[in-house]
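Line by line, the protein sequences give chains A and B.
Count the first sequence with my numbering and you get residues -12 to 487, in order.
Count the second sequence with my numbering and you get residues -12 to 487, in order.
Number of protein chains: 2
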Amino acid sequence: MNDILVGGQWRPANSTGSINAVDPRSGQTLDGDFPISNWDDCAAALEAAAQIVPALEAASPAQIALFLRTYAGNLDANSEAICAAAEKESGLPMPTRLQKVEMPRATRQLRLAADAAESEVWRNPIVDADINLASCRGPIGPVLVIGPNNFPLAFNAIAGSDFASAIAAGNPVIAKAHPSHPLTTKLMAEQAVAALATAKLPAATVQMLYHMAPEDGLRMVKSREIAAVGFTGSRTAGVALKAAADECGKPIYLEMSSVNPVFFLPSLFEQRSTDEIITELSGSCLLAAGQFCTCPNLFVLLDNEQGQQVVDGVKAQFEEQTPTVLLSGAVLGGLESAAAMLQEKGAELLAGGKPSDEEGIRFQNTLFKVTGDEFLADTDAFQTEGFGPLSLGVLAKDLDQFYAIAESIEGSLTGSVYGSAADPAAKELVSRLRRRVGRVIQNKMPTGVAVSPAMNHGGPFPATGHPGFTSVGMPTSIGRFTKLDCYDNMEDALKPDCLK
Amino acid sequence: MNDILVGGQWRPANSTGSINAVDPRSGQTLDGDFPISNWDDCAAALEAAAQIVPALEAASPAQIALFLRTYAGNLDANSEAICAAAEKESGLPMPTRLQKVEMPRATRQLRLAADAAESEVWRNPIVDADINLASCRGPIGPVLVIGPNNFPLAFNAIAGSDFASAIAAGNPVIAKAHPSHPLTTKLMAEQAVAALATAKLPAATVQMLYHMAPEDGLRMVKSREIAAVGFTGSRTAGVALKAAADECGKPIYLEMSSVNPVFFLPSLFEQRSTDEIITELSGSCLLAAGQFCTCPNLFVLLDNEQGQQVVDGVKAQFEEQTPTVLLSGAVLGGLESAAAMLQEKGAELLAGGKPSDEEGIRFQNTLFKVTGDEFLADTDAFQTEGFGPLSLGVLAKDLDQFYAIAESIEGSLTGSVYGSAADPAAKELVSRLRRRVGRVIQNKMPTGVAVSPAMNHGGPFPATGHPGFTSVGMPTSIGRFTKLDCYDNMEDALKPDCLK
């Protein structure tokens, strides 16, 4: 049984059982038992985090930055071993995705967080010298980070943006590994531990548990020691965690489900061929087997010749391309449910619809179609995210239906409009989508989330829990794990350096 | 029956009953029936707010600013009539408090909001030109504002900081009057209507209902049309509203209960006399009959000669000063409950403890005492806010008990430390209080919330619902009623002006 990382030590868990990862390419269980911690482990991690809060607050910005940079360097230096583990545990291709895209993204985020920590740009000091009143952002306290299945490196609970943001603001982190990739998470955690020593930060600044019973997870969220929570994953789990956090009035930052609608204005086809659009759309839908949070699960076209051509072309692409290996059996199960629900609700199945016969965990590339009338008659059902290679095309009868569909969108991470600003319908759609999504995109697919200070990877519920925050983009994403502090009539010696 | 303000019109309510205000100075019911709206009124207001969202988004920053400035000017010009109504409905002194303090505070906030709206400083644009990615804050959508009883002008749902902040960001507001001061709210609403016409903003930008059944209030919070909620009031009502908002993943900004602890370090008395401290502390406790959100309901001293002197002196002051008229019978009832609970829990009653015999709605100035051991044995009970002239003194046995008490504080708006930075205990206390409160204060009482950009009038739950936001202080307070918007690959014509 593998050790957990608690209080700065790798030590045996008080476990109630164990998990094993599965190689989704073969469906085979991998070697290595990872413990399901019981409450004693959770309580020990909480206590250790609470104990080092003062020491971590007293650490210098340079030390935090040194930790983040050293950790990034350690990850780079050990990229091959970590990516090899991640490939086995996720089925994601090692060179093209894990080594060349995800690991560089993870280490870049850590380094950008280091820059923000060092410059303290996240503190946003405001000084009213006339009345000796000053405010700034300060650390919020211990943060529980729960990572997703779909980015084993760049969104890992112990290396992703939630982690980097929380650490940059001087908060201890308790990372809960995703049960799909425990070894990957362990290998990363080892590099974090080494970097903490280099930076001389408290050893319990970073802790890691592999797994725990759901009720223990909720109890951790509610515990007094935890000040905030970062979660990326399913809507079911996210809503349960949110209810626990809300009960205590505690910030929780969620990234859950998102259908990422794409609207193709009829005027678009005066400039662009349907073939180009078919390639672009189906490529985005099937990228990484549709397992991006920003995968276009919904697209809207006018029910005319071009609209039908695009739907037919996407269907052909979906059928032609070999289904990609999924991340896990849980993803497969979710796709089966979503497909069954859409069929039950009357959506027309154009391609796929069931598990694939190929080796490993796969689902057929699946395309459904409804009319605008059908969509608008049950906007809830037809916005159910099928996480994976499943999309729904809507053929609307007029632009008014485009607008009505845009207005009906539940909170989503993104909304795309294909068409020119010269078409007045573009402005109408952008305006409606702005209210419903975090990032409005023109003439571009939503997959692809640039690591940029201008990024918003967020949006209204149920995409996230609050439309004012982003999980990607330094330094804005750091703000989630801060509280607003104010110092009134105070001697400089008692204020943080940024207010002196 | 008075008309409600819905859809830009004063019109009769669909009422299920009516309320009357009470003059707390005499306990007499005032003339004027104000309707309790049924759901039809609520639904009509929601629909009107949703309909004008696009028009309000299209309004220029100059128009929003013109509205806010004109409204402020109208309030100034009609200050006498409004303050006379507020005096009758709240019992607060007209010249010293309402005319000279509250109305200027209200109009100043509106003018500061106008400045922020005009400059668009609240938008915080971030542009990544290399990849044509840009983000900024945008309006969140219709906001429901529910105001408190204790500031009929400066925190009124139709004129306070929640209102000004929501409007500055271009959001329609539905204001729910506090049932204690319906006429005051009506008179202010009339000035808002006139100002909307001057600024040529949509007439439904500002709507006002006097009252509704609690279940209809919760239904409004949950309705799709409402994007965010601002509430100032009791913890019971706030927690119920929060549960409704949380269920839909909707931001709600609450200002609820706060005990505002004040710690007097033993070393303080080397510089300051106990007499000075007694005057300062009792003055703050009894200011406006203790009905400030930042009233010190809890103070902590060492159990030594000076500590006992201060407690004895505060007791003498509490007994000597005539109890001030309270805002309402509800405040009186809350004080009776709090006093009974504290006695039941074993706190020693030193002064007051029951309703006063003087004319009008009054409660005796009430002081309780516990030891540090007693406090730490039941930190929940001894932090129950008695909203009004009720405070609890704690005599601790050593500095470690000071620290333990500071760590046990539930989220509070403020925490004060009396003592010098030269005393190492000051740093220890400031560090602990920073984690538990929104504003840490040195050598000053918490009552007094400067309207300053550096102010934080906020704090962890249950003082508010999220420790990252302030309800006072432009432009920061505006951020509560915004969402983060991002424009990806977009032609300038489709972006807001601040990103072009």
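Yeah, the Cβ is synthetic: ideal placement off N, Cα and C, and Gly gets one too.
None of these values were measured; they are calculated from a predicted model.
Taken through DSSP and simplified to helix, strand or coil, G125 (chain A) comes out as strand.
Between the segment 275 to 290 of chain A and the segment 367 to 375 of chain A there are three or more inter-stretch CB-CB distances shorter than 8 Å, so the stretches are counted as touching. Against E478 (chain A), the close residues of chain B are A408 and Q429, in the order they occur along the chain (beta-carbon pairs closer than 7 Å).
Residues of the segment 33 to 51 of chain A with a C-beta atom less than 8 Å from some C-beta of chain B are V40, P41 and E44, listed in chain order. Neighbours of D115 (chain A) across chain B, judged by C-beta separation under 7 Å: S439, P440 and A441. Assignment of D479 (chain B) by DSSP, reduced to helix, strand and coil, places it in the helix class.
CA-to-CA, the gap between A383 (chain A) and L285 (chain A) works out to about 13 Å. Not flagged as an interface residue toward chain A: D387 (chain B), since no C-beta distance is shorter than 8 Å. Shown here, G435 (chain A) sits in coil according to DSSP, grouped into three states, outside any helix or strand. Secondary structure note for W26 (chain A): it is in no beta strand (DSSP E), and the uninterrupted alpha helix (DSSP H) holding it is W26 to A45.
Around the CB of T309 (chain B), fewer than 16 other CB atoms lie within 10 Å, so the residue is classed as exposed. Contact of H453 (chain B) with chain A is assigned, a C-beta pair being separated by under 8 Å. In this structure P283 (chain B) is in contact with S378 (chain B), their Cβ atoms being roughly 6 Å apart against a cut-off of 8 Å. Under the three-state reduction of DSSP output, S2 (chain A) falls in the strand class.
Its Cα nearest to that of T281 (chain A), the residue A:L400 stands out among A:F355, A:Q38, A:G78 and A:L400.
Here DSSP, grouped into helix, strand and coil, assigns G78 (chain B) to coil. If you check the CB distance, A164 (chain B) and A144 (chain B) come in under 8 Å. About 17 Å separates the beta carbons of T353 (chain B) and V297 (chain B), which is beyond the 8 Å limit, so they are not a contact pair.
With fewer than 16 other CB atoms across the displayed protein chains lying within 10 angstroms of its CB, G14 (chain A) is exposed. Counting only the Cα atoms, D299 (chain A) lies some 20 Å from D360 (chain A). Contact note: L471 (chain A) reaches chain B through G425, N443, G445, P454, G455, F456, T457 and T463, using a C-beta cutoff of 8 Å and chain order. Of the candidates A:L273, A:A409 and A:E394, A:A409 places its Cα closest to the Cα of E257 (chain A). Along the length of the segment 244 to 315 of chain B, whole alpha helix (DSSP H) runs at least 4 residues long occupy 261 to 273 and 292 to 307, reported in chain order. Judged by DSSP in its simplified three-state form, Q86 (chain B) adopts helix. For the set B:A68, B:G398 and B:L(-8), the Cα lying nearest the Cα of M243 (chain B) is the one of B:G398. Secondary structure note for T358 (chain A): its beta strand (DSSP E) is the uninterrupted segment T353 to T358. Under a 10 Å Cβ-count criterion, N291 (chain B) is classified as exposed, with fewer than 16 other Cβ atoms of the shown protein chains found around its own Cβ. Taking the beta carbon of Y474 (chain A) as reference, the chain B residues within 7 Å of it are V427, listed in sequence order. The beta carbon of D20 (chain B) sits closer than 7 Å to those of M(-12), N(-11), S5 and N7, all from its chain and outside the five residues before and after it, given in chain order. In the structure shown, M461 (chain A) falls within a coil segment according to DSSP collapsed to helix, strand and coil. Per DSSP, the continuous beta strand (DSSP E) segment holding L241 (chain A) begins and ends at I239 to E242.
In the three-state reduction of the DSSP assignment, I23 (chain A) falls in the strand class, which pools E and B. Residue environment for P201 (chain A): exposed (fewer than 16 other C-beta atoms within 10 angstroms of its C-beta). Cα atoms of I213 (chain B) and F250 (chain A): separation of roughly 26 Å, rounded to the nearest angstrom. A46 (chain B) is a Cβ neighbour of L188 (chain B), given a cutoff of 8 Å. DSSP links T401 (chain A) through a beta bridge to A:R426.
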